Amino acid sequence: MTLQELSQYFKLREQLARDEEILESLKATACPGAQVLTGMPHAPGVRDKVGDLAVEIADMESQIEYLQEKISQEEAKVSVFISTIENDQTRMVFRLRFLRGLTWKEVAAVIGGRNSEESVRMMCYRYLNG
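Quick note: the sequence shown uses full-length UniProt numbering, first residue 1, plus one each step.
Spelled out as structure tokens, the structure:
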């Protein structure tokens, strides 16, 4: 597996997190409280803001569902790749970074010792290039 493939998987997870935040924001906007009824008749050209939000929410939900399926497929590949890494520490670095989505700094903190964010990143890159 290449760094590009691992990065693609990582980016899919980040995109899913962003889309889930957007969906929550859309839902909060769509339900701020009771809808204000003005008694004004609907005229041509008047937009239905709640309807537009409902469409946006449905689109975002389908996008999230697609991303979840794609991530599930990719996660299986990444898990198999990581399980083939013989060195325990290197395998842990890959698992923390790519399966759990931790930052390099967080990975270094979990690994402990005198590992820095740069050292765990280089451990990963050396393994992929070696």
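All C-beta atoms, glycine included, are put in the ideal place defined by N, C-alpha and C.
Keep in mind the model is a prediction, meaning the values are calculated, not measured.
Under the three-state reduction of DSSP, Glu-117 is assigned to helix.
Nearest C-alpha to Lys-11 among Thr-90, Asn-87 and Arg-100: Arg-100.
The Cβ atoms of Leu-23 and Glu-61 lie closer than 8 angstroms to each other.
Counting only residues of its own chain and dropping the five nearest sequence neighbours on each side, Arg-13 has a CB closer than 8 angstroms to the CB of Ile-71 and Gly-101. DSSP places Glu-61 within a helical segment (H, G or I) once states are collapsed to three. Nearest to Arg-126 by C-alpha distance, out of Asp-59, Gly-113, Arg-91 and Gly-112, is Arg-91. Residue Gly-112 holds the alpha-carbon nearest to the alpha-carbon of Val-93 among Cys-31, Leu-53 and Gly-112.
Here the alpha carbons of Glu-74 and Asn-87 stand approximately 22 angstroms from one another.
Ala-54 places its beta carbon 8 angstroms or farther from that of Ala-28. Between Arg-97 and Val-107, the C-beta spacing is below 8 angstroms. Under the three-state reduction of DSSP output, Arg-100 falls in the coil class, being neither helix nor strand.
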